[in-house]
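Notes follow the structure.
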Amino acid sequence: MTVLSMKNITKSFYGVTVLDDVNFEVNKGEVHALLGENGAGKSTLMNILGGVYAKDSGAVTANGVILENASVNESEKAGIAFVHQELNLFNDLLVFENLFLGKEILHKTRTLNKRAMIARTRELFADLGVSINPRTPIASLETSQKQLLEIAKALDAKAKLIILDEPTTSLNTSEVQHLFTIIRGLQKKGITFIFISHKMPEVFTIADRYTVLRNGRFVKTGYIKDTTPQEVTTSMVGREVSDKEIYAPRQRGDVVLELENCSGPGFSGITLKVHRGEIIGLTGLAGSGASSLMHAMFGSVSFSCGTLKVFGSKMNTLNIHRAMKTARIGMVPANRKENSILPDMQLLENEYISEHTLSFWPPHIFKKQEIAKYNQYKKTLNIKDNSCHDPITSLSGGNQQKVILARLLNTNADIFLLDNPTQGIDVGAKGEIYKLILQLSLQGKTILVNTLEIPEIEKVADLCVVFYHGEIHAVLNRNNMDETTVMLHATGAVPPARSAV
6 MTVLSMKNIT
16 KSFYGVTVLD
26 DVNFEVNKGE
36 VHALLGENGA
46 GKSTLMNILG
56 GVYAKDSGAV
66 TANGVILENA
76 SVNESEKAGI
86 AFVHQELNLF
96 NDLLVFENLF
106 LGKEILHKTR
116 TLNKRAMIAR
126 TRELFADLGV
136 SINPRTPIAS
146 LETSQKQLLE
156 IAKALDAKAK
166 LIILDEPTTS
176 LNTSEVQHLF
186 TIIRGLQKKG
196 ITFIFISHKM
206 PEVFTIADRY
216 TVLRNGRFVK
226 TGYIKDTTPQ
236 EVTTSMVGRE
246 VSDKEIYAPR
256 QRGDVVLELE
266 NCSGPGFSGI
276 TLKVHRGEII
286 GLTGLAGSGA
296 SSLMHAMFGS
306 VSFSCGTLKV
316 FGSKMNTLNI
326 HRAMKTARIG
336 MVPANRKENS
346 ILPDMQLLEN
356 EYISEHTLSF
366 WPPHIFKKQE
376 IAKYNQYKKT
386 LNIKDNSCHD
396 PITSLSGGNQ
406 QKVILARLLN
416 TNADIFLLDN
426 PTQGIDVGAK
436 GEIYKLILQL
446 SLQGKTILVN
456 TLEIPEIEKV
466 ADLCVVFYHG
476 EIHAVLNRNN
486 MDETTVMLHA
496 TGAVPPARSA
506 V
């Protein structure tokens, strides 16, 4: 039984067609993977379904309701819920306040019935098999818990069709498995899912059917059991994508970054030496301390104790400006929506703002020079845009991430801190990013990559540093940085191993 029919959908932005006569159908109770490269039109198609965008032409029928350029509220009334890649939660509010925002339960006196909302929140979490205190501030939740809160919101809204846009981007292996268990349980209750992801192993684990878009057009649809990851990937990018190892051995230079017994918010007792041209992979369960350590090295949070040396010089106090200008450290933080993009600015401005802030002299911006640099980065990173003068919000999430990478390259940093740099980036573009990392290392750049995806570390890293409860639990060389070994250390299932330091 078909629960969603989108026929001949067309949509343009700024004179550029992003969806061209697209057809998309989903059956009741299935997990349907919607696949394609960044900019293929997946999010735009789902934003039309979710009432965020109005289509230019075409027809949409969901759960028996004809949606003619429906609003978000009308889409929700038709039983559709959209869990966005960049979660729409308010960090300053409590869990139950976020869940009932805009649909609060009231007393007869028109005052908030907090007791009823808290009870309902507990009930929803119990149905999902989740233990989260409704009075917990959103800011203190793990990403996986925020994802589950969004799903709870969808269930409370009586959603019959839930769109999950890159739901596993910031989740570790055990959290992904828990999410999939919840999805399968809801499937049995007749709830349908549209699953957007670039991770083929996950798609082939959870999805029943798939549809591929490329360059805003429908390419193919079918059953997962009747295809292979290679076939699907080829359909997505229009060519075969090699999965061969990208890593290349290189000579290490002198020590350029040295941490000795460093502690701070979320990590403690970190001692590590990093050499010029070296690529270090950092990993661990979410909240294990790797990301927090990166923020301390970048000056966005402070070390409480320990010694940090950069190019042999001790950094007693560090802020972001000093980290970038004096220590020549650059960072791509996780969660680009909150920490990276400037939504009210153009692509060009988002790309050059860091470099201009650092140089500040001359105080003028020479647009022709900046446009020339932007176009070079656009070519290097394969950024899919219409014009550098368009707002950054006009791009897909993955292409926004490429602009942030261009911003870092434009600062001429020597030490790169990349926190989940391929989040929301498609399989073809990931290969381009891996090659870029290797090229930068050959130029003498030193790179630390924090990721929950072990295959990424295997593709590029010289060493893998595994964090557990804020401490370095293991430093593994390329001979033993396989996924099983890494997960054993990330969960504390085996004794610490630091022999590779």
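If you count by the working numbering, then the sequence shown holds residues 6 to 506, one letter each, in order.
By construction, the Cβ of each residue, glycine as well, lies at the ideal position given by its N, Cα and C atoms.
Because the structure is a prediction, the values reported are computed rather than measured.
Taking all protein chains shown into account, decide if Val499 is buried (16 or more other Cβ within 10 angstroms of its Cβ) or exposed.
Numbered from its first residue, the sequence shown carries residue 499 at position 494. That one is exposed.
State the Cα-Cα distance for the pair Ile196 and Thr15, rounded to the nearest angstrom.
Position 191 of the sequence shown, counted from the start, is the residue given in the question as residue 196. Position 10 of the sequence shown, counted from the start, is the residue given in the question as residue 15. Spanning the two alpha carbons is a distance of roughly 27 Å.
According to DSSP, simplified to helix, strand and coil, what is His280?
Taking the first residue of the sequence shown as position 1, residue 280 is located at position 275. Three-state DSSP puts His280 in a strand.
Residue range of the alpha helix (DSSP H) that Arg305 falls in?
Counted from its first residue, the sequence shown places residue 305 at position 300. Residue identity check: residue 305 is Ser in the sequence provided, not Arg. Ser305 -> no alpha helix (DSSP H), and no H or E assigned at all.
By alpha-carbon positions, which one of Lys330, Lys108 and Glu461 ends up nearest to Phe365?
By 1-based counting over the sequence shown, the position of residue 365 is 360. Residue Lys330 is the option with its Cα nearest to Phe365.
Output needed for Glu463: all residues of its chain with C-beta closer than 7 Å, excluding positions within five of it in sequence on either side, in chain order.
Translated into the one-based positions of the sequence shown, residue 463 becomes position 458. The residues are Met486.
Identify whether Asn425 lies in helix, strand or coil by the three-state DSSP scheme.
Start at 1 with the first residue of the sequence shown, and residue 425 comes out as number 420. The three-state secondary structure of Asn425, taken from DSSP, is coil.
Buried or exposed for Glu488, please, with buried defined as at least 16 other CB atoms from any protein chain shown within 10 angstroms of its CB.
By one-based count along the sequence shown, residue 488 stands at place 483. Exposed is the call here.
Could you tell me the distance, in whole angstroms, from the CA atom of Arg222 to the CA atom of Gly46?
What you label residue 222 is simply residue 217 of the sequence shown in a count that begins at 1. What you label residue 46 is simply residue 41 of the sequence shown in a count that begins at 1. So the two alpha carbons sit approximately 8 Å from each other.
Using three-state DSSP, classify Ser62 as helix, strand or coil.
Counted from its first residue, the sequence shown places residue 62 at position 57. If DSSP states are grouped into helix, strand and coil, Ser62 belongs with the strands.
Look at the Cβ atom of Ile397, then the Cβ atom of Pro338, and state whether they are nearer than 9 Å.
Numbered from 1 along the sequence shown, position 392 holds the residue referred to as residue 397. Numbered from 1 along the sequence shown, position 333 holds the residue referred to as residue 338. For Ile397 and Pro338, no; Cβs fall outside 9 Å.
Check the DSSP bridge columns for Lys16 and list the partner residues they point to.
If you number the sequence shown from 1, residue 16 lands on position 11. When beta bridges are read from the DSSP output, Lys16 appears opposite Leu24.
Take Ala328 and list the residues in its own chain whose beta-carbon comes closer than 6 Å to its own, dropping the five residues that flank it on each side.
On the sequence shown, position 323 is the one that residue 328 refers to. Within the same chain, Ala328 has close Cβ partners Phe303, Gly304 and Ile334.
Three or more C-beta pairs under 8 Å: does that hold for the segment 453-470 against the segment 279-287?
yes
Closest to Leu184 by C-alpha separation, out of Thr362, Leu154, Pro234 and Leu277, would be which residue?
Here residue 184 refers to the residue found at position 179 when the sequence shown is read from its first residue. Residue nearest to Leu184 within the set Thr362, Leu154, Pro234 and Leu277 is Leu154 (criterion: CA-CA distance).
From which residue to which residue does the beta strand (DSSP E) around Thr216 run?
Indexing the sequence shown from 1 puts residue 216 at position 211. It spans Arg214 to Arg219 - the beta strand (DSSP E) in which Thr216 sits, taken as one unbroken run.
Quick check on the DSSP output: the alpha helix (DSSP H) that includes Leu353 runs from which residue to which?
Numbered from 1 along the sequence shown, position 348 holds the residue referred to as residue 353. Taken as a continuous stretch (DSSP letters only), the alpha helix (DSSP H) holding Leu353 covers Leu352 to Ser364.
Taking the CB atoms as reference points, tell me whether Asn103 and Ile143 lie closer together than 9 Å.
Residue numbering aside, residue 103 sits at position 98 when the sequence shown is read from its first letter. Residue numbering aside, residue 143 sits at position 138 when the sequence shown is read from its first letter. Contact: yes.
From the DSSP output, in three-state form, read off Gly107 for me.
Sequence index remark: in the sequence shown, residue 107 carries index 102 (1-based). Gly107 falls in the coil class under three-state DSSP.
Can you list, in chain order, the residues of its chain whose CB lies under 7 Å from that of Arg341, leaving out five sequence neighbours each side?
Taking the sequence shown and counting its residues from 1, the one referred to as residue 341 is at position 336. Here the set comprises Gln405, Gln406 and Ile409.
Quick check on the DSSP output: the beta strand (DSSP E) that includes Thr141 runs from which residue to which?
Residue mapping note: residue 141 aligns to position 136 of the sequence shown, counting from 1. Thr141 -> no beta strand (DSSP E), and no H or E assigned at all.
With a cut-off of 8 Å, do at least 3 Cβ pairs link the segment 33-53 to the segment 102-120?
no
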